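Enquirer: Would you mind keeping the following structure in view while I ask a few things?
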Amino acid sequence: MKKNITKNLILEACLEKQEELIAGFERRVNETRADAYERQESDSQSENRTPGKIELLSKFQSELEFAKLEMEYLKTLDAAIVTTVVQPGAVVVTNLRTFFIGVSSEKIDIDGDEVFGISTKAPIYAVMQGLEKGGSFEYNDTAYTLKNVY
């Protein structure tokens, strides 16, 4: 990380990423719902693919609901709270990566720096929780040193 990106910028980027995720799942739900309940038109009218499509629809609906719950959780995090330990809402700058403790997300690019969102349910969070600047931990045979926590 070239510089300390403000927690507010990171949180805004996470919220935007979550909105994109929700919109994607909403599209999939709508497309799959339309496809599952359209009249079956196939070479063999005895072939019925609807049960598989309904199962897929159910999976997408579950993912959508989970994404919405994560969005609500993100909205509870306050970027103005200053922290010195790894906890929800903290930005954790290590020797290798920068993490934002909130919800799991793909890497987020902010002004050329990458930030990875991790959930408090993630195994990596369990090994770093409560650490302060200067602390270290190991995860998946990789050693991390905390350069900053804010």
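Position 57 of the sequence shown, counting from 1, maps to 253 under the numbering used here, and the rest follow consecutively.
Ideal placement from N, C-alpha and C gives every residue a C-beta, glycine not left out.
On a predicted model such as this, the values are computed, not experimentally measured, just so you know.
(1) Does the region 300-310 come into contact with the region 282-289, if we say contact requires no fewer than three beta-carbon pairs (one atom in each stretch) closer than 8 Å?
(2) Have a look at L217 and N344 and give me their C-alpha separation to the nearest angstrom.
(3) Let me know if T228 comes out buried or exposed under the rule of 16 or more other beta-carbons within 10 Å of its beta-carbon.
(4) Please report the straight-line C-alpha distance between I320 and E328, rounded to a whole angstrom.
(5) Applying the 10 Å Cβ sphere with the 16-neighbour rule, what's the burial state of F262?
(6) To the nearest angstrom, report how far apart N200 and S301 are at their CA atoms.
(7) Going by other Cβ atoms of all chains shown within 10 Å of its Cβ, with 16 needed for buried, is I277 buried or exposed?
(8) So, helix, strand or coil for K264, using DSSP?
(9) Return the Cβ separation of S332 and T338 in integer angstroms, given the expectation that the two are a contact with Cβ distance under 8 Å.
(10) So V299 and L260 are supposed to be a Cβ contact under 8 Å. How far apart are they, rounded?
(11) Give me the DSSP bridge partner(s) of T341.
(12) Name the DSSP beta bridge partners of S315, please?
(13) Thinking C-beta only, is V281 closer than 8 Å to I297?
(14) Please go through the same chain and pick out, in chain order, the residues whose beta-carbon is closer than 7 Å to the beta-carbon of M324, but skip the five residues on each side of it.
(15) With a threshold of 16 other CB atoms inside 10 Å of the CB of L265, please say whether the residue is buried or exposed.
Expert: In this structure, then:
(1) no
(2) 29 Å
(3) It is buried - the Cβ of T228 has at least 16 other Cβ atoms within 10 Å.
(4) 15 Å
(5) Exposed: under 16 other Cβ atoms inside 10 Å.
(6) 20 Å
(7) exposed
(8) helix
(9) About 11 Å; that fails the 8 Å criterion.
(10) Incorrect: roughly 14 Å between the Cβ atoms, too far for contact.
(11) S332
(12) Within the DSSP secondary-structure output, S315 pairs in a beta bridge with G298.
(13) no
(14) Excluding positions up to five away in sequence, the list reads V282, V288, F333.
(15) It counts as exposed.
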